[in-house]
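Working notes, structure below.
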Amino acid sequence: MSQVYITVTRTDIPNGVLQIRDLYPNPSDFNAVIDPYPQGPFYLSQPENNSVATTADGDKRTITSTVSGLAAYLIATLRGNDLGGGDYEALTASEANTIATNLVSRMRNSLALQAANITDIADNTQADSSVAAPSTTRVADILAIMTGAIFTLPAGHQVQDTNGVFSPIAAIDIDDFFTGEKNNRVLASDIAVSAAKGALSVMLSDNFNYKGTANNCVAIYNSDGSVYDPNA
Amino acid sequence: MPYIVVRRSDIPAGAVQITDLYFNKSQARVHNGPVPQGPIYLRPIEINGTGRLAPKLQTVGGDITITNQTTGLVAYVLTQVDNNLEALTLAQALDVANFIVAKAYAADDLNNLQANLQAEFGVNYHYSDDIENLLKILSGEKFVVSANTPIQDGGAHTPLLISNSNFPVPGDRRLVTGDTAWEESLASGQLYKFTNTITSYFSDLSINLGEVNLNGVVPAANGNENPYAVVYLNDGTVITSADI
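Chains as they are written, first to last, in the numbering used here: chain E, 1 to 232; chain A, 1001 to 1244.
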């Protein structure tokens, strides 16, 4: 069963203010014995995107202070400058921050975040950057962070070794750096109906009004980063 | 979005109800439940080729205008189909509308309508509107064209840009892609029955009852010996129980 990720496209909506209520079953009336696991209610959360900073020790680079968000995820998983021979440097902190900001901007405009899109955004800032190996970047992780999932790099985490070579987090270990829910939802009837006719359809509409400003407030992504079209 | 389209002319609006689309309005929880998907009533196709709501055309030189507020399939055909870049006559539009209805009654795909029209009528008809607008009308939604809508300007057809205002009654006849309720219904529930079996309606017991896909009964095209309905996907292709 495919997964979808519901992100917030507006910056004026704080975490936990808007709730999608029409996802089935709702915990308030589901029967734990015979009903499926509750999908709702779902609160909208902003993506976390704090600036990351690194400290150099010769060619070795580590994270200066504990930091959460998309830039932290990128610097730990996305390759930087090409050294030749299959080796790459880590992204610089500045590059990671820029790419993260540009990816969030893309989400705010409800544009696709597929692997190719992520590479395009990355190599606009650092020409050799890509989701290809040795990068361990996963589309689903980026989508999870966009929905408000928390990814934290501890202070001192090494992103580049003493030879100046990128040392990404192995894909199998990435989940250890996430805390709490990854906010994915199963694309079941309730999500489809909500997006076509229910609460999500209202939030997808440019007529959605929050504190006097009318614009859409959510984007829905398939797990491959393409935008979910409820009217397909 | 799939649409349920009737396949016979003897079923009045509101007479046949599809009740197994989950949630049903009668038991939906409005405060925290999904939007109810059922029940949906079958509705006849509004054609309006003649009568009070039929389009009335006024020709002045090379300009043609629909002078009255009109509804239905003939009005849609007039605004969306052209004959070698000129507007259709009312008679031509009625022929095209009847051809489309016959294809729906026969459960034919509608995803290649322009070629079908050209093959049927042997003239250079053009149709390029979003097929979903046509499916809405076939599923029973009210399509309204305002009075004094031009359909030809200086000898050239001027297709109407269709918006929500042309479908002013929020009927919401759509099924939802990805919703399992209608898929289950089409696979083995009421939609299966309504799309596969020939059932008498009201007191007409003269027709042969039977299941089309099991006993090989071929229903009469454009007649009342068809199954009740057909389900179209929004690209104009037919989806059947076998596709689920």
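Glycine included, C-beta positions come from ideal geometry on N, C-alpha and C.
Per DSSP, ASP87/E forms a beta bridge with which residues?
By one-based count along the first sequence, residue 87/E stands at place 87. DSSP, once it has assigned bridges, lists GLY84/E as partnering ASP87/E.
For TYR221/E, which beta-bridge partners are listed by DSSP?
The residue labelled residue 221/E in the question sits at position 221 within the first sequence. According to DSSP, which records beta bridges pairwise, TYR221/E is partnered with TYR5/E and VAL227/E.
ILE1040/A, buried or exposed, once every other Cβ within 10 Å from all chains shown has been counted against 16:
Mapped onto the second sequence, residue 1040/A falls at position 40. By the 10 Å Cβ count, ILE1040/A comes out buried.
Extent of the continuous alpha helix (DSSP H) run through LYS1136/A
Locating residue 1136/A in the second sequence gives position 136, counting from the first residue. That run of the alpha helix (DSSP H) goes 1131-1138.
Spatial neighbours of ARG108/E within its chain, please: CB distance less than 6 Å, with the 5 preceding and 5 following residues excluded, ordered by chain position.
For the purposes of this step, residue 108/E is taken as residue 108 along the first sequence, with counting starting at 1. Short of 6 Å from the beta carbon of ARG108/E, and not among the five residues preceding or following it, lie these beta carbons of its own chain, in chain order: THR9.
Give me the DSSP bridge partner(s) of PHE166/E.
Here residue 166/E refers to the residue found at position 166 of the first sequence. PHE166/E is bridged by DSSP to GLN160/E.
Quick one: is ALA144/E near chain A, going by C-beta distance under 8 Å?
Within the first sequence, the letter at position 144 stands for residue 144/E. Judged by the 8 Å Cβ criterion, ALA144/E is not in contact with chain A.
With distance defined between alpha-carbon atoms, name the residue in ALA53/E, PHE42/E and ALA90/E nearest to GLY164/E.
For the purposes of this step, residue 164/E is taken as the residue at position 164 of the first sequence. Considering only alpha carbons, the answer is ALA90/E.
Expected contact under 8 Å - CB spacing of ASN1124/A and ASN1084/A to nearest Å
Here the question's residue 1124/A lines up with position 124 in the second sequence. Here the question's residue 1084/A lines up with position 84 in the second sequence. With a contact defined as Cβ atoms closer than 8 Å, ASN1124/A and ASN1084/A qualify at about 4 Å.
Which of the three DSSP states is assigned to PHE208/E in this structure?
Indexing the first sequence from 1 puts residue 208/E at position 208. Residue state, collapsed to three classes: coil.
In chain A, which residues lie with their C-beta within 7 Å of the C-beta of VAL193/E?
As a working mapping, residue 193/E is identified with position 193 in the first sequence. Within 7 Å Cβ-Cβ: PRO1034, VAL1035, GLN1037, VAL1176 and ASP1179.
Is the CB-CB distance between VAL17/E and ILE220/E below 8 Å?
As a first step, residue 17/E is located in the first sequence; it is residue number 17 there, counting from the start. As a first step, residue 220/E is located in the first sequence; it is residue number 220 there, counting from the start. Taking 8 Å as the cut-off, the beta carbon of VAL17/E is found no closer than this to the beta carbon of ILE220/E.
Would you list, in sequence order, the uninterrupted alpha helix (DSSP H) runs of no fewer than 4 residues that lie entirely inside the region 1075-1152 of chain A?
Counting only runs of 4 or more, we get 1090-1105, 1113-1121 and 1131-1138.
For ARG185/E, would you say it is in contact with chain A, using Cβ-to-Cβ distances shorter than 8 Å as the test?
For the purposes of this step, residue 185/E is identified with residue 185 of the first sequence, where counting begins at 1. Look at ARG185/E: its C-beta is not under 8 Å from any C-beta on chain A.
Ignoring anything shorter than 4 residues, give me the alpha helix (DSSP H) runs that lie fully in the region 1036-1076 of chain A, in order along the chain.
DSSP runs (the alpha helix (DSSP H)) wholly in the region 1036-1076 of chain A: none.
Can you tell me the Cβ-Cβ gap for VAL227/E and MET203/E, rounded? I've got them flagged as a contact below 8 Å.
Your numbering for residue 227/E matches position 227 in the first sequence. Your numbering for residue 203/E matches position 203 in the first sequence. Contact check for VAL227/E and MET203/E: beta-carbon distance about 14 Å, past the 8 Å limit, so the pair fails to qualify.
Compute the distance between the beta-carbons of ASN231/E and ALA196/E, then report whether it is under 8 Å.
The count along the first sequence starts at 1 and reaches residue 231/E at position 231. The count along the first sequence starts at 1 and reaches residue 196/E at position 196. A contact, by the Cβ cut-off of 8 Å.
In terms of alpha-carbon separation, which member of ALA1229/A, GLY1155/A and VAL1081/A lies closest to VAL1016/A?
Reading the second sequence from its first residue, position 16 is the one you call residue 1016/A. Comparing Cα-Cα distances from VAL1016/A to each of ALA1229/A, GLY1155/A and VAL1081/A, the minimum goes to ALA1229/A.
Cutoff 7 Å; reference TYR1127/A; Cβ partners in own chain excluding five residues on either side
Sequence index remark: in the second sequence, residue 1127/A carries index 127 (1-based). Taking C-beta separations shorter than 7 Å and ignoring five residues to either side along the sequence, the partners of TYR1127/A in its chain run GLN1080, VAL1081, LEU1113, GLN1114 and LEU1117, following chain order.
How about ALA199/E and ASP22/E: are their beta carbons less than 8 Å apart?
Position 199 of the first sequence holds residue 199/E. Position 22 of the first sequence holds residue 22/E. Less than 8 Å separates the beta-carbon of ALA199/E from that of ASP22/E.
What in chain E is Cβ-close to ASP1095/A, meaning under 9 Å?
By one-based count along the second sequence, residue 1095/A stands at place 95. Under the 9 Å cutoff, chain E gives no residues; its nearest Cβ is about 32 Å from ASP1095/A.
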